[in-house]
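A short worksheet on the structure shown next.
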Amino acid sequence: MTHDEYADRCEELFAVGGFPQVRKVAEAGLEELGPDPVLYRWLGLAHAAEDEDDHDAEAEKSYEAGLSQSPDDLGLLVCYLELCLRADGWTYPGRSGRAVVLKERIAVLAPAGSPEAARVEDALGWAGQGVVTGRTYGRERPPCGPTGRP
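Take the position in the sequence shown, starting the count at 1, then add 21; the result is the number in our numbering.
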């Protein structure tokens, strides 16, 4: 499959709650195509959507793996920030605390007033509203990053 086919399939499966299948498709794409920020985002989102501590840890690993290859990818940074903002600061102080550094990095890459900053704010506006779990209360899920894909 092509990169776009993998990404489209992940999007379709995520929309119907097929989180384990999203992970399989994203992992297959990463294995076939190599490191890709969009597929790492889908992998992280599919783990985070399970809303369990073990899956949150796997989501974090996915975002960190993607950022090690694509450190300036706003989509990965925003998805990772969203995970950190949703983390329980008492139970997971490290994850929660990483939000500050991620916000600073995003501010450098998407300066205030830029179109990228507006997209970041739109994505972050959904943090804590069930976005990661796919429960958007009747609204379309916005992209997790400024690329138009999660």
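Glycine residues also receive a C-beta, built at the ideal position from the N, C-alpha and C atoms.
Nothing here was measured: the structure is a model prediction, and the numbers come from that model.
{"query": "Specify the secondary structure class of A70 as computed by DSSP and reduced to three states.", "result": "coil"}
{"query": "Can you give the Cα-Cα distance for L64 and L88, rounded to whole angstroms?", "result": "13 Å"}
{"query": "Please go through the same chain and pick out, in chain order, the residues whose beta-carbon is closer than 6 Å to the beta-carbon of G110, but skip the five residues on each side of it.", "result": "S117"}
{"query": "Anyone know if the C-beta pair for V141 and L95 falls short of 8 Å?", "result": "yes"}
{"query": "R62 to C100, Cα distance in whole Å?", "result": "7 Å"}
{"query": "May I ask you to report which of helix, strand or coil DSSP gives Q150?", "result": "Only weak support exists for where Q150 lies, its pLDDT of 44 falling under 50; the value from the coordinates is given anyway. If DSSP states are grouped into helix, strand and coil, Q150 belongs with coil."}
{"query": "Leaving out five residues before and five after E48 in sequence, what residues of the same chain have Cβ atoms less than 7 Å from its Cβ?", "result": "L64"}
{"query": "Quick one: is S83 buried, meaning 16 or more other Cβ sit within 10 Å of its Cβ, or exposed?", "result": "buried"}
{"query": "By DSSP, does G65 sit in helix, in strand, or in coil?", "result": "helix"}
{"query": "Tell me the rounded alpha-carbon separation between V43 and L104.", "result": "18 Å"}
{"query": "A86 and H76 - do their beta-carbons sit closer together than 8 Å?", "result": "no"}
{"query": "Can you tell me the Cα-Cα spacing of E79 and P92, whole angstroms?", "result": "18 Å"}
{"query": "Can you grab the Cα-Cα spacing for the pair A138 / L106, in whole Å?", "result": "18 Å"}
{"query": "Of the choices T23, E53, L54 and A28, whose alpha-carbon is the least far from that of L66?", "result": "A28"}
{"query": "How would you call L34, buried or exposed, if buried means at least 16 neighbouring beta carbons within 10 angstroms?", "result": "buried"}
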